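Visitor: Residue numbers (the working numbering): 395 to 696.
After the structure tokens below, expect a handful of questions from me.
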Amino acid sequence: MKIGIVGAGAVGSYFGALLQKFGHHVTFLARGKHLAAMQENGLLVKREEGTFTIKGTFTDNPNDLSESELILFCVKSNDTKQVAEQLLPILNDNAKILTMQNGVDNEEVLTEVFDSSRIFSCATYVQIKIEEPGIVKQQGRVKLVIGEIDHLERNTCSTIVETLQKTGIDTKHTGNILEKKWRKFLWNITFNPLSAITTATIGEILDDKHLRKTAESVCSEAMNVASKMGITLDKNRTLETTFSNAERAKSHKTSMLQDRLNGKPMEVESMCGYVIRKSQRINVSVPTIRTLYSILNYLNQN
Numbered sequence: 395m396k397i398g399i400v401g402a403g404a405v406g407s408y409f410g411a412l413l414q415k416f417g418h419h420v421t422f423l424a425r426g427k428h429l430a431a432m433q434e435n436g437l438l439v440k441r442e443e444g445t446f447t448i449k450g451t452f453t454d455n456p457n458d459l460s461e462s463e464l465i466l467f468c469v470k471s472n473d474t475k476q477v478a479e480q481l482l483p484i485l486n487d488n489a490k491i492l493t494m495q496n497g498v499d500n501e502e503v504l505t506e507v508f509d510s511s512r513i514f515s516c517a518t519y520v521q522i523k524i525e526e527p528g529i530v531k532q533q534g535r536v537k538l539v540i541g542e543i544d545h546l547e548r549n550t551c552s553t554i555v556e557t558l559q560k561t562g563i564d565t566k567h568t569g570n571i572l573e574k575k576w577r578k579f580l581w582n583i584t585f586n587p588l589s590a591i592t593t594a595t596i597g598e599i600l601d602d603k604h605l606r607k608t609a610e611s612v613c614s615e616a617m618n619v620a621s622k623m624g625i626t627l628d629k630n631r632t633l634e635t636t637f638s639n640a641e642r643a644k645s646h647k648t649s650m651l652q653d654r655l656n657g658k659p660m661e662v663e664s665m666c667g668y669v670i671r672k673s674q675r676i677n678v679s680v681p682t683i684r685t686l687y688s689i690l691n692y693l694n695q696n
């Protein structure tokens, strides 16, 4: 299969490398020092099962994706609309788009640009970072949960799931991907904004009673919004699961914190801004999230 990686950062590079290793033709759309290093030396992947290097097609030209049958869409949420509109006239009409992004708003944006039958969504559970340009390092478990936006596309989604399963990735199908994405999003909004503001790891947030209390407030507020939007949640169980999962990632620096440390724009609108906008429409109060949103916006501008 011809596969395009749109936004070959840590996540895109990792999954693209596995697909390339197992015989697919992968084109990596990247930029900056990471692109330059991959063009010169290939892409080096470090993981607990071993280290390997792949030689692929590394480019900053979107036109090189024109023959792709499947796109792994991995750009930051801030860029979703712009990149999608750029790709629309380039991709063939049968190309499928699998979003592997954080957040729960990218599906809405992508279906405004492409027909919903072409959009598939993935809840991505992985700890990975660009160790240095051209090198990605993954640790801990890797799990993907994939679902179709248009329920008539169940068979196509099964093909995508099987393609990823054959690389050895733990990949499952779900008939309710948006609910799965919301559950993952609750973890992200609980820890990403707070870690980015404080520069604390997950473990440092859990071990500090004041930060932990703030994280619990964020999670509760986001759950209230989700429930009012029709997402089925057992609030007590979800809160317990969110924090028990965090215990297994205590050394982890969240993606939002990594963006701040690397001087990149943080996904503030897709994370906090989205929940605030939804809360206004359904009349739910989210004071803690609003506070974090104001601080993060200030940090993004300075």
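Even glycine gets a Cβ: it sits at the ideal position worked out from N, Cα and C.
Source: prediction; values computed, not measured.
Can you round the beta-carbon distance between SER614 and LEU588 to whole angstroms, since I take them to be within the 8 Å contact cut?
Guide: The sequence position of residue 614 within the sequence shown is 220, counting from 1. The sequence position of residue 588 within the sequence shown is 194, counting from 1. About 14 Å; that fails the 8 Å criterion.
Visitor: So, helix, strand or coil for ASP473, using DSSP?
Guide: The residue labelled residue 473 in the question sits at position 79 within the sequence shown. Helix.
Visitor: Distance check for GLY562 and GLY403, CA to CA, integer angstroms please.
Guide: Here the question's residue 403 lines up with position 9 in the sequence shown. Here the question's residue 562 lines up with position 168 in the sequence shown. Distance between the alpha carbons of GLY403 and GLY562: 21 Å.
Visitor: Per DSSP, what kind of secondary structure is THR453 in: helix, strand or coil?
Guide: The residue labelled residue 453 in the question sits at position 59 within the sequence shown. Strand, per DSSP.
Visitor: In this structure, how does DSSP classify GLN559 when only helix, strand and coil are distinguished?
Guide: Within the sequence shown, residue 559 is the residue found at index 165, counting from 1. GLN559: helix per DSSP, three-state reduction.
Visitor: In the structure shown, what three-state DSSP assignment does PRO498 receive?
Guide: By one-based count along the sequence shown, residue 498 stands at place 104. The sequence shown places Val at residue 498, rather than the Pro named in the question. If DSSP states are grouped into helix, strand and coil, VAL498 belongs with coil.
Visitor: Can ALA616 and PHE585 be called in contact, C-beta distance under 8 Å?
Guide: Taking the sequence shown and counting its residues from 1, one reaches residue 616 at position 222. Taking the sequence shown and counting its residues from 1, one reaches residue 585 at position 191. Against a cut-off of 8 Å, the Cβ pair of PHE585 and ALA616 comes out as no contact.
Visitor: Answer yes if the segment 565-572 comes into contact with the segment 669-678, meaning at least three C-beta pairs across the two stretches below 8 Å, and no otherwise.
Guide: The segment 669-678, when compared against the segment 565-572, does not touch it at the 8 Å Cβ threshold.
Visitor: Whole alpha helix (DSSP H) runs in the segment 601-685 with 4 or more residues, listed along the chain?
Guide: Segments of the alpha helix (DSSP H) lying fully in the segment 601-685: 603-622, 629-641, 649-655, 668-676.
Visitor: By Cβ distance below 6 Å, which residues in the same chain neighbour VAL420 in space, the five residues on each side in sequence not counted?
Guide: Reading the sequence shown from its first residue, position 26 is the one you call residue 420. Only ILE397, GLY410, LEU413, GLN414, GLY450 meet the Cβ criterion.
Visitor: Tell me, to the nearest whole angstrom, how far the beta carbon of LYS644 is from that of LEU600; I am working on the premise that it is less than 8 Å.
Guide: Translated into the one-based positions of the sequence shown, residue 644 becomes position 250. Translated into the one-based positions of the sequence shown, residue 600 becomes position 206. Rounded, the Cβ-Cβ distance is 7 Å, consistent with contact.
Visitor: State the Cα-Cα distance for the pair PHE422 and ASN696, rounded to the nearest angstrom.
Guide: The count along the sequence shown starts at 1 and reaches residue 422 at position 28. The count along the sequence shown starts at 1 and reaches residue 696 at position 302. Rounded to whole angstroms, PHE422 to ASN696 spans 31 Å at the Cα level.
Visitor: Can you have a look at ARG535 and say buried or exposed, based on whether 16 or more other CB atoms are within 10 angstroms of its CB?
Guide: One-based indexing of the sequence shown puts residue 535 at position 141. ARG535 is exposed by the Cβ-count criterion.
Visitor: Please report the straight-line C-alpha distance between SER407 and GLU506, rounded to a whole angstrom.
Guide: Here residue 407 corresponds to residue number 13 of the sequence shown, with the count starting at 1. Here residue 506 corresponds to residue number 112 of the sequence shown, with the count starting at 1. If you take the alpha carbons of SER407 and GLU506, they lie about 26 Å apart.
Visitor: Counting C-beta neighbours from all protein chains within 10 Å, is the total for ARG577 16 or more, i.e. buried, or is it exposed?
Guide: The residue labelled residue 577 in the question sits at position 183 within the sequence shown. Buried.
Visitor: Got a sec, what are the start and stop residues for the alpha helix (DSSP H) SER407 sits in?
Guide: Here residue 407 corresponds to residue number 13 of the sequence shown, with the count starting at 1. From DSSP, the alpha helix (DSSP H) with SER407 extends over 404-415.
Visitor: Tell whether a beta-carbon distance below 8 Å holds between THR474 and ASN500.
Guide: For the purposes of this step, residue 474 is taken as residue 80 along the sequence shown, with counting starting at 1. For the purposes of this step, residue 500 is taken as residue 106 along the sequence shown, with counting starting at 1. Yes, Cβ-Cβ distance for THR474 and ASN500 is below 8 Å.
Visitor: Evaluate LYS545 with the Cβ neighbour count: other Cβ atoms within 10 Å of its Cβ, from every protein chain shown; 16 or more gives buried, anything less gives exposed.
Guide: For the purposes of this step, residue 545 is taken as residue 151 along the sequence shown, with counting starting at 1. For clarity, residue 545 is His in the given sequence; the question names Lys instead. Result: exposed.
Visitor: Once the 5 residues before and after SER611 are set aside, which same chain residues still bring their CB inside 6 Å of it?
Guide: Along the sequence shown, read from residue 1 onward, the residue named residue 611 stands at position 217. Excluding residues within five positions, the ones whose Cβ falls inside 6 Å are THR682.
Visitor: Helix, strand or coil for PHE706, going by three-state DSSP, please let me know.
Guide: Past the edges of the chain, shown from 395 to 696, lies residue 706, and the structure says nothing about it.
Visitor: Determine the burial state of HIS604: buried for a count of at least 16 other Cβ atoms within 10 Å of its Cβ, exposed for fewer.
Guide: In the sequence shown, residue 604 corresponds to position 210, counting from 1. That one is exposed.
Visitor: Is ASP653 buried or exposed, if buried means 16 or more other CB atoms sit within 10 Å of its CB?
Guide: Position 259 of the sequence shown holds residue 653. Result: buried.
Visitor: Are LEU485 and ILE465 touching if we call contact CB-CB under 8 Å?
Guide: Locating residue 485 in the sequence shown gives position 91, counting from the first residue. Locating residue 465 in the sequence shown gives position 71, counting from the first residue. Yes, the pair counts as a contact, with Cβ atoms nearer than the cut-off.
Visitor: Do ASN488 and SER664 count as a contact pair if the criterion is CB distance below 8 Å?
Guide: Within the sequence shown, the letter at position 270 stands for residue 664. Within the sequence shown, the letter at position 94 stands for residue 488. Not closer than 8 Å, so no.
Visitor: Is the Cβ-Cβ distance between VAL539 and LYS566 less than 8 Å?
Guide: Here residue 539 refers to the residue found at position 145 of the sequence shown. Here residue 566 refers to the residue found at position 172 of the sequence shown. Cβ atoms of VAL539 and LYS566: closer than 8 Å.
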